[in-house]
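K.L.:
Mapping the sequence shown onto the working numbering, position 60 (from 1) lands on 66, and the numbers just tick up by one.
Cβ atoms here follow ideal geometry from the backbone N, Cα and C, with glycine treated the same way.
These figures come from a predicted structure and were not determined experimentally.
This is the structure I have questions about; it appears just below.
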Amino acid sequence: MSKFFRTTIVSGILGAAILPAQAAQIYVGADFSGTILTTGGLANSLGLQGTNTCNSCAAGTVSGHVLFDKSLIPGSGTGTVNIALTPVNGVSNNTIFDMVFGSQPLGFAFGDSNVLSGPSIQFQNGVFNGFSFVEDFVVNDKTYELNMQGSNWTLNWLKSNSTMDLVASGSVIVGNQGLMHQTYFDPAPSQLPVNAVPEPASIALVVLGIWGIVMTRRREADLQAERTIARENADQDDNDQVRYPGEGAEKSALATA
Numbered sequence: 007m008s009k010f011f012r013t014t015i016v017s018g019i020l021g022a023a024i025l026p027a028q029a030a031q032i033y034v035g036a037d038f039s040g041t042i043l044t045t046g047g048l049a050n051s052l053g054l055q056g057t058n059t060c061n062s063c064a065a066g067t068v069s070g071h072v073l074f075d076k077s078l079i080p081g082s083g084t085g086t087v088n089i090a091l092t093p094v095n096g097v098s099n100n101t102i103f104d105m106v107f108g109s110q111p112l113g114f115a116f117g118d119s120n121v122l123s124g125p126s127i128q129f130q131n132g133v134f135n136g137f138s139f140v141e142d143f144v145v146n147d148k149t150y151e152l153n154m155q156g157s158n159w160t161l162n163w164l165k166s167n168s169t170m171d172l173v174a175s176g177s178v179i180v181g182n183q184g185l186m187h188q189t190y191f192d193p194a195p196s197q198l199p200v201n202a203v204p205e206p207a208s209i210a211l212v213v214l215g216i217w218g219i220v221m222t223r224r225r226e227a228d229l230q231a232e233r234t235i236a237r238e239n240a241d242q243d244d245n246d247q248v249r250y251p252g253e254g255a256e257k258s259a260l261a262t263a
């Protein structure tokens with residue numbers, strides 16, 4: 007096996023073993039906000055008003071917080087990508103995702119029992135583009151559904167005859183300014199994901215890779231030493247032939263005498 011292929015194989019083993027230790031999450035917490043654009047008949051009963059009609063009152067507010075893995079943000083040119091929010095050890099559900107509407111207020115959080123879809127944070131070509139989230143809830147014996155796709159959301163009353171009435175709709179601020187007050191969150195060492203720490207099998211691969219590199223270099227050194235000795239012996243033979251060019255003829259003449 008050539009030196010190139012030996013080195014490539016050993017490097018591949020070593021790299022595969024070290025890879026899990028480099029797959030750590032990078033958690034970022036951020037705030038977001040939005041507006042209530044339209045309201046229906048039941049909006050007042052839920053403490054909701056249009057943002058532009060209540061002079062920045064609480065009834066017209068939309069706000070929230072999200073904690074997500076920044077290392078999963080896709081690059082530009084990737085289109086629309088939803089990244090599912092996941093539990094983080096030692097972190098409350100409200101810290102992972104929390105969204106609040108109006109003055110009563112209506113609150114929605116990661117881990118709610120009636121979540122039908124999501125929550126996922128959405129990116130458009132690598133830029134924040136809202137959320138994907140659907141949740142049903144009950145207020146005063148009426149069932150409602152919050153449906154959020156990207157930057158837009160709707161709140162509907164689900165009537166018993168399988169129809170629905172719009173209660174309110176609006177949007178959240180997206181783009182480069184959509185995620186405010188971004189802060190990095192560093193879990194305690196004991197809370198790191200399992201795949202961020204090398205397993206025994208990975209450690210064994212590291213040892214095997216290092217041993218392979220050492221043995222390859224030792225073999226190369228031995229071969230180099232053998233070549234050096236052979237070259238020195240060849241040089242010595244050449245020197246002997248130069249110093250005694252007629253030695254064989256003289257011995258032959260003496261033997262004849």
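What span of residues does the alpha helix (DSSP H) with T44 cover, start to end?
P.N.:
Start at 1 with the first residue of the sequence shown, and residue 44 comes out as number 38. From DSSP, T44 is part of no alpha helix (DSSP H) but of the beta strand (DSSP E) over Y33 to T45.
K.L.:
Using a Cβ-Cβ cutoff of less than 7 angstroms, which residues in the same chain neighbour Q155 once the five nearest sequence positions on both sides are dropped?
P.N.:
Mapped onto the sequence shown, residue 155 falls at position 149. Cβ neighbours of Q155 beyond the five flanking positions: S138.
K.L.:
By a C-beta neighbour count over all protein chains shown, 10 Å radius and 16 as the cutoff for buried, is A115 buried or exposed?
P.N.:
Mapped onto the sequence shown, residue 115 falls at position 109. Buried: at least 16 other Cβ atoms inside 10 Å.
K.L.:
Throw me the rounded Cβ distance for the V173 and L48 pair, which I believe falls under 8 angstroms.
P.N.:
Locating residue 173 in the sequence shown gives position 167, where the first residue counts as 1. Locating residue 48 in the sequence shown gives position 42, where the first residue counts as 1. Contact flag correct, Cβ pair sits at about 5 angstroms.
K.L.:
So M186 and D75 are in contact, right, with Cβ under 8 angstroms, and what is the actual spacing, rounded?
P.N.:
Within the sequence shown, the letter at position 180 stands for residue 186. Within the sequence shown, the letter at position 69 stands for residue 75. Not a contact, Cβ separation roughly 19 angstroms.
K.L.:
Using DSSP with H/G/I as helix, E/B as strand and the rest coil, what is I179?
P.N.:
Looking up residue 179 in the sequence shown gives position 173. Of the three classes helix, strand and coil, the one that applies to I179 here is coil, per DSSP.
K.L.:
Classify Q28 as buried or exposed, calling it buried when 16 or more other Cβ atoms lie within 10 Å of its own Cβ.
P.N.:
Here residue 28 is taken as the residue at index 22 of the sequence shown, counted from 1. For Q28, the pLDDT reaches just 48, beneath the cut-off of 50, and the residue's location in the model is therefore unreliable, although a value from the coordinates is still provided. By the neighbour-count rule (16 or more Cβ atoms within 10 Å), Q28 is not buried but exposed.
K.L.:
Looking at M154 and the ligand FMN, is the gap between the Cβ and the nearest heavy atom below 7 angstroms?
P.N.:
This structure does not include the ligand FMN; it has no bound ligands of any sort.
K.L.:
Is it buried or exposed, D104, if we count other Cβ atoms within 10 angstroms and call 16 or more buried?
P.N.:
Locating residue 104 in the sequence shown gives position 98, where the first residue counts as 1. D104 comes out buried.
K.L.:
Can you tell me whether Q28 is helix, strand or coil according to DSSP?
P.N.:
Numbered from 1 along the sequence shown, position 22 holds the residue referred to as residue 28. Low confidence applies here, because Q28 scores a pLDDT of 48, under 50, leaving its location unreliable and the question unanswered by this model.
K.L.:
Beta-carbon separation of P62 and N131 under 8 angstroms?
P.N.:
By 1-based counting over the sequence shown, the position of residue 62 is 56. By 1-based counting over the sequence shown, the position of residue 131 is 125. Before going on, a small fix: residue 62 reads as Ser here, not Pro. Not a contact, by the Cβ cut-off of 8 angstroms.
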